[in-house]
Amino acid sequence: MDDMKNNLQKKLRIEGVKESYAWQFLKQIAKEQTLILVFVVIIIVMGILTPAFLSTRNLLNVLLQSSMIGICAAGMTMLILMADIDLSVGSVAAFAGVLAAFLQVQSGWNTFSSISLALIISFGLGIVVGIVCAKLGVHSFVATLGLLSIARGFALIITKGHPISGLSPSFNFLGQGTIWIIPFPTIIMFIIVIVTWFFLSQTKSGRAVYAIGGNKEAARLSGINVDRIRIILFGVCSLLAGLAGIILAGRVNSGQPTASQDFNLDVIASVIIGGTSLYGGRGGVWKTVLGALIFGILRNGLNLVGVTPYWQKVFIGFLIVVTVVVDRIQHKNEG
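Take the sequence shown: its letters are residues 1 to 335, numbered as in our numbering.
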């Protein structure tokens with residue numbers, strides 16, 4: 001009788017483990033119901049303030065604008081979950097866009113080869129920073145601040161300070177193309193977000209990310225290879241920043257060394273507005289998607305109602321400060 005009971009319990013546990021990914025996905029979305037409510041309220045308010053906001057063309061534009069930020073923010077989410085940060089994403093994005101454009105326009109490379117090399121180098125830059133942080137003990141704030149300057153400097157050196165235009169149609173499709181009416185960058189963003197969600201929630205290494213953010217030393221003592229995971233995810237974050245920069249270059253048909261200067265603010269703001277804790281160990285990529293969309297809606301809506309970019313910066317900065325304060329209070333209460 002006991003054997004039958006044990007077998008039944010074991011079977012139930014196995015069935016629980018085999019719970020469909022679709023159901024887990026729906027549960028994850030349900031957890032974000034408060035953020036979804038905020039998202040819906042902002043859309044309604046913006047629609048009341050300016051009816052043009054709810055036009056199909058404008059909503060698709062919001063999706064397009066949010067996509068590059070969302071792609072980059074997926075990588076940033078994984079770093080912040082480990083209580084790390086990357087301040088170089090804007091510069092790496094500009095560098096990758098410029099490098100891919102240079103290889104295609106001035107060196108005659110095809111689209112695939114030029115983009116592939118730019119992404120490989122972007123990944124390599126992140127790996128180097130990850131090694132500096134994990135092996136040498138340099139804080140990620142300082143290490144990525146250095147990469148910020150290096151990547152932007154190389155972007156300016158490659159172009160001599162001038163945009164590189166004349167990209168091929170296949171390159172431009174990355175930033176300008178649509179499938180049905182959905183912007184291609186948006187499709188790329190959701191693919192990356194789904195892969196990131198799967199990694200964080202369904203793999204051992206992904207779950208280790210939360211453990212590292214909770215307590216690096218405890219994670220190390222439990223057998224987690226903390227350094228390896230940190231190094232790889234720094235590489236992934238830079239890779240996604242490079243991809244976002246290449247998509248941006250395709251969108252404007254040129255590699256611009258001064259592009260994406262506000263990426264750092266936009267990406268980090270999307271992550272923390274989405275509820276991922278700067279202290280690590282709490283948050284998720286679907287929250288980040290909502291954060292990126294909320295951020296995109298706010299910027300777009302404020303533009304439509306005539307708020308100047310200067311006041312937008314003040315408003316966004318205030319929102320970030322409030323979010324960080326709330327995060328600090330939650331962290332203190334949990335501690």
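Each residue gets a CB set at the ideal place from its N, CA and C atoms; glycine is no exception.
Quick check: what's the CA-CA separation for residue i versus residue j?
{"i": "ILE188", "j": "THR50", "result": "29 Å"}
{"i": "LYS18", "j": "GLU217", "result": "Residue confidence is low: LYS18 scores 46 on pLDDT, short of 50, so the model does not pin down where it sits. No coordinate-derived value is stated."}
{"i": "GLY280", "j": "VAL138", "result": "18 Å"}
{"i": "LEU81", "j": "VAL267", "result": "14 Å"}
{"i": "SER277", "j": "GLY283", "result": "6 Å"}
{"i": "ALA211", "j": "ASP227", "result": "13 Å"}
{"i": "ILE272", "j": "GLY214", "result": "17 Å"}
{"i": "SER170", "j": "ASN253", "result": "11 Å"}
{"i": "LYS5", "j": "THR203", "result": "Caution is warranted here: a pLDDT of 46 is assigned to LYS5, below 50, making its placement in the model unreliable, and the coordinate value is therefore given only provisionally. Straight-line Cα distance between these residues: approximately 30 Å."}
{"i": "THR178", "j": "LEU136", "result": "44 Å"}
{"i": "ILE42", "j": "GLY274", "result": "14 Å"}
{"i": "PHE95", "j": "LEU64", "result": "21 Å"}
{"i": "PRO163", "j": "VAL98", "result": "8 Å"}
{"i": "TRP311", "j": "SER201", "result": "39 Å"}
{"i": "GLY206", "j": "GLY306", "result": "43 Å"}
{"i": "SER66", "j": "ILE316", "result": "15 Å"}
{"i": "VAL285", "j": "LEU174", "result": "23 Å"}
{"i": "GLY16", "j": "PHE199", "result": "Residue confidence is low: GLY16 scores 47 on pLDDT, short of 50, so the model does not pin down where it sits. No coordinate-derived value is stated."}
{"i": "PHE255", "j": "ILE329", "result": "Per the sequence shown, residue 255 should be read as Gly rather than Phe. When rounded, the distance between both Cα atoms is 42 Å."}
{"i": "SER340", "j": "THR323", "result": "Any answer about residue 340 is impossible in this case: the structure gives the chain only from 1 up to 335."}
{"i": "VAL45", "j": "PHE112", "result": "43 Å"}
{"i": "ILE115", "j": "LYS332", "result": "44 Å"}
{"i": "CYS133", "j": "THR144", "result": "9 Å"}
{"i": "VAL321", "j": "GLY146", "result": "24 Å"}
{"i": "PRO309", "j": "PHE318", "result": "14 Å"}
{"i": "THR159", "j": "GLN33", "result": "46 Å"}
{"i": "ILE337", "j": "TRP197", "result": "Given a span of 1 to 335 for the chain in the structure shown, any question on residue 337 remains unanswerable."}
{"i": "SER107", "j": "ASN172", "result": "17 Å"}
{"i": "PHE39", "j": "GLY70", "result": "15 Å"}
{"i": "SER165", "j": "ALA52", "result": "32 Å"}
{"i": "PRO183", "j": "TRP109", "result": "26 Å"}
{"i": "LEU117", "j": "GLN176", "result": "21 Å"}
{"i": "THR56", "j": "VAL195", "result": "28 Å"}
{"i": "VAL325", "j": "ILE229", "result": "29 Å"}
I need the boundaries of the alpha helix (DSSP H) containing residue i, first residue and last residue.
{"i": "GLY296", "result": "285-304"}
{"i": "ASP266", "result": "263-273"}
{"i": "PHE171", "result": "169-176"}
{"i": "ALA218", "result": "216-221"}
{"i": "ASN58", "result": "56-81"}
{"i": "THR34", "result": "33-49"}
{"i": "ALA93", "result": "89-105"}
{"i": "PHE53", "result": "No alpha helix (DSSP H) holds PHE53; DSSP gives it neither H nor E."}
{"i": "ASP86", "result": "Per DSSP, ASP86 belongs to no alpha helix (DSSP H) and is neither H nor E."}
{"i": "GLY281", "result": "Per DSSP, GLY281 belongs to no alpha helix (DSSP H) and is neither H nor E."}
{"i": "VAL252", "result": "226-252"}
{"i": "SER201", "result": "184-202"}
Would you mind giving the Cβ-Cβ distance between residue i and residue j, rounded to the nearest angstrom? I have them listed as a contact below 8 Å.
{"i": "ALA73", "j": "ALA292", "result": "5 Å"}
{"i": "SER140", "j": "ASP84", "result": "4 Å"}
{"i": "MET68", "j": "VAL236", "result": "At roughly 16 Å, the Cβ-Cβ gap does not stay under 8 Å, so MET68 and VAL236 are not in contact."}
{"i": "ALA208", "j": "ILE224", "result": "5 Å"}
{"i": "VAL62", "j": "ILE297", "result": "6 Å"}
{"i": "LEU167", "j": "GLY75", "result": "Not really, about 24 Å apart at Cβ, beyond 8 Å."}
{"i": "ASN264", "j": "VAL89", "result": "6 Å"}
{"i": "LEU54", "j": "GLY47", "result": "4 Å"}
{"i": "ILE246", "j": "PRO185", "result": "Between PRO185 and ILE246 the Cβ distance is about 10 Å, and since that is not below 8 Å, they are no contact."}
{"i": "VAL193", "j": "VAL314", "result": "At roughly 30 Å, the Cβ-Cβ gap does not stay under 8 Å, so VAL193 and VAL314 are not in contact."}
{"i": "ASN300", "j": "ASN58", "result": "7 Å"}
{"i": "LEU60", "j": "ILE181", "result": "7 Å"}
{"i": "SER91", "j": "LEU148", "result": "5 Å"}
{"i": "PHE234", "j": "ASP327", "result": "Contact doesn't hold; Cβ gap of about 22 Å is too wide."}
{"i": "LEU119", "j": "LYS287", "result": "With 8 Å as the limit, LEU119 and LYS287 do not qualify as a contact, their Cβ atoms being about 26 Å apart."}
Please indicate yes or no: does the CB of residue i lie closer than 7 Å to some heavy atom of the ligand NAD?
{"i": "LEU239", "result": "As presented, the structure is devoid of all ligands, the ligand NAD included, so that no description of it is given."}
Say whether the stretch 86-102 touches the stretch 218-228, bearing in mind that this needs 3 or more beta-carbon pairs closer than 8 Å, one atom from each stretch.
no
Would you call the stretch 155-175 and the stretch 255-264 in contact, with 3 or more CB pairs under 8 Å?
yes
Determine, using beta-carbon pairs with one atom in the stretch 237-254 and one in the stretch 125-145, whether at least three such pairs fall under 8 Å.
Contact check between the stretch 237-254 and the stretch 125-145: three or more CB pairs, one atom from each, fall below 8 Å, which counts as touching.
What are the uninterrupted segments assigned as alpha helix (DSSP H) that are 4 or more residues long and contained completely in the stretch 135-165, given in chain order?
140-159
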